[in-house]
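**Student:** So for the sequence shown, the working numbering puts the first residue at 1; every next one is plus one. Think of the CB as a built atom: it goes at the ideal place given N, C-alpha and C, for glycine as much as any other residue. Since the model is a prediction, treat every value here as computed from it, not as a measurement. Sharing a structure with you now.
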Amino acid sequence: MEQDIQKILIPEEEIKKRVKELGKRISEDYKDKFPHLICILKGATIFLSDLIREVNIHMSLDFMGVSSYGSSTESSGILKITKDIDQPIEGRNVLIVEDIVDTGLTLSYLRKLLTSRKPKSLKTCALLNKKVRRKVDVPVEYYGFEIPDEFVVGYGLDFNEKYRNLPYISVLKPEVYMYEVMKYEKE
Ligand code: IMP
Ligand code: MG
């Protein structure tokens with residue numbers, strides 16, 4: 001697996017430090033607000049599990065699965081809910097936990113859907129923010145790192161379901177993407 005990596009963009013220690021800071025801010029901002037965190041599957045699970053252990057106030061947790069139609073590196077904006085949340089969010093202070101906001105299409109769709117269920121407040125915490133790729137203007141109240149226009153993997157983020165288990169954020173060698181695309185086209 002590691003031979004596929006071209007470069008490490010954000011090392012483990014840096015992620016750890018930043019996640020700690022985010023947890024501290026969320027703990028302060030949501031003090032006495034009993035936030036309800038909604039983790040977007042599957043990419044945000046690693047971030048979520050580290051983040052909530054840095055949150056020292058009462059909170060609750062739910063999960064939502066979305067899949068976007070389109071290629072593996074490009075979001076189409078057409079989304080399918082593969083798993084809905086289990087608990088009602090009406091009147092709750094909801095915080096969406098995402099791995100990355102790229103074009104913003106996924107988050108914008110999710111925000112509309114969740115807003116219709118009348119939460120008291122709705123904010124987002126994303127590990128990564130690719131501002132240069134934005135197609136729709138969508139608020140991201142908390143984020144770990146702004147990154148350049150590169151497709152990244154690791155710390156929950158995948159390429160064709162692989163590399164989620166890397167402990168850092170990295171960029172794959174171009175031939176790895178090419179090889180997967182060729183394989184895909186043959187199938
Ligand atoms: P958006 O709708 O374009 O903002 O994309 C959101 C989703 O696309 C994320 O939740 C990721 O699953 C995926 N995605 C976008 N950029 C990357 C990347 O660089 N690496 C891995 N997944 C990505
Ligand atoms: Mg993905």
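In terms of alpha-carbon separation, which member of P88, E150, L166, D149 lies closest to G156?
**Tutor:** Taking the first residue of the sequence shown as position 1, residue 156 is located at position 156. Residue L166 is the option with its Cα nearest to G156.
**Student:** Quick check on the burial criterion: 16 or more other C-beta atoms within 10 angstroms. Buried or exposed for K130?
**Tutor:** Translated into the one-based positions of the sequence shown, residue 130 becomes position 130. Buried is the call here.
**Student:** Can you tell me the Cα-Cα spacing of I89 and L128, whole angstroms?
**Tutor:** Reading the sequence shown from its first residue, position 89 is the one you call residue 89. Reading the sequence shown from its first residue, position 128 is the one you call residue 128. One C-alpha to the other measures close to 25 Å.
**Student:** So which of I85, E12, D29, I5 has the shortest CA-CA distance to C125?
**Tutor:** On the sequence shown, position 125 is the one that residue 125 refers to. The candidate whose alpha carbon is nearest that of C125 is D29.
**Student:** Say yes only if the C-beta of L157 is nearer than 6 Å to one or more non-hydrogen atoms of the ligand IMP, and no if none qualify.
**Tutor:** Mapped onto the sequence shown, residue 157 falls at position 157. Yes, the Cβ of L157 comes within 6 Å of a heavy atom of the ligand IMP.
**Student:** Within 10 angstroms of its Cβ, does V132 collect 16 or more other Cβ (buried), or is it exposed?
**Tutor:** What you label residue 132 is simply residue 132 of the sequence shown in a count that begins at 1. Answer is exposed; the Cβ neighbour count stays below 16.
**Student:** Would S108 pass as a contact of V138 if the rule is Cβ separation under 7 Å?
**Tutor:** The residue labelled residue 108 in the question sits at position 108 within the sequence shown. The residue labelled residue 138 in the question sits at position 138 within the sequence shown. Contact flag set, yes.
**Student:** Measure the CB-CB distance between V94 and H36 and report whether it falls below 7 Å.
**Tutor:** Within the sequence shown, numbered from 1, the residue matching residue 94 stands at position 94. Within the sequence shown, numbered from 1, the residue matching residue 36 stands at position 36. Yes; because the gap between Cβ atoms is below 7 Å, this pair is in contact.
**Student:** Hey, V66 and I81 are a contact pair by Cβ (cut 8 Å); roughly how many whole angstroms apart?
**Tutor:** By 1-based counting over the sequence shown, the position of residue 66 is 66. By 1-based counting over the sequence shown, the position of residue 81 is 81. V66 to I81, Cβ: 6 Å. Contact.
**Student:** Taking 6 Å as the cut-off, is the C-beta of D99 nearer than that to any heavy atom in the ligand IMP?
**Tutor:** Position 99 of the sequence shown, counted from the first residue, corresponds to residue 99. Checking every heavy atom of the ligand IMP against the Cβ of D99, one is found closer than 6 Å.
**Student:** Enumerated in chain order, which unbroken segments of the alpha helix (DSSP H) with a length of 4 residues or greater are wholly contained in the segment 51 to 115?
**Tutor:** List check, alpha helix (DSSP H) in window: 105 to 115.
**Student:** Nearest to Y143 by CA position, among L22, E14, P11, is which residue?
**Tutor:** As a working mapping, residue 143 is identified with position 143 in the sequence shown. The residue with the shortest Cα to Cα distance from Y143 is L22.
**Student:** Can you give me the Cβ contacts of I8 inside the same chain, cut-off strictly under 7 Å, excluding the 5 residues immediately before and after it?
**Tutor:** Counting from one through the sequence shown, the residue named residue 8 turns up at place 8. So the qualifying residues of the chain are Y168, S170.
**Student:** Say the cut is 6 Å; is the CB of V19 nearer than that to a heavy atom of the ligand IMP?
**Tutor:** By 1-based counting over the sequence shown, the position of residue 19 is 19. Checking the Cβ of V19 against the ligand IMP gives no.
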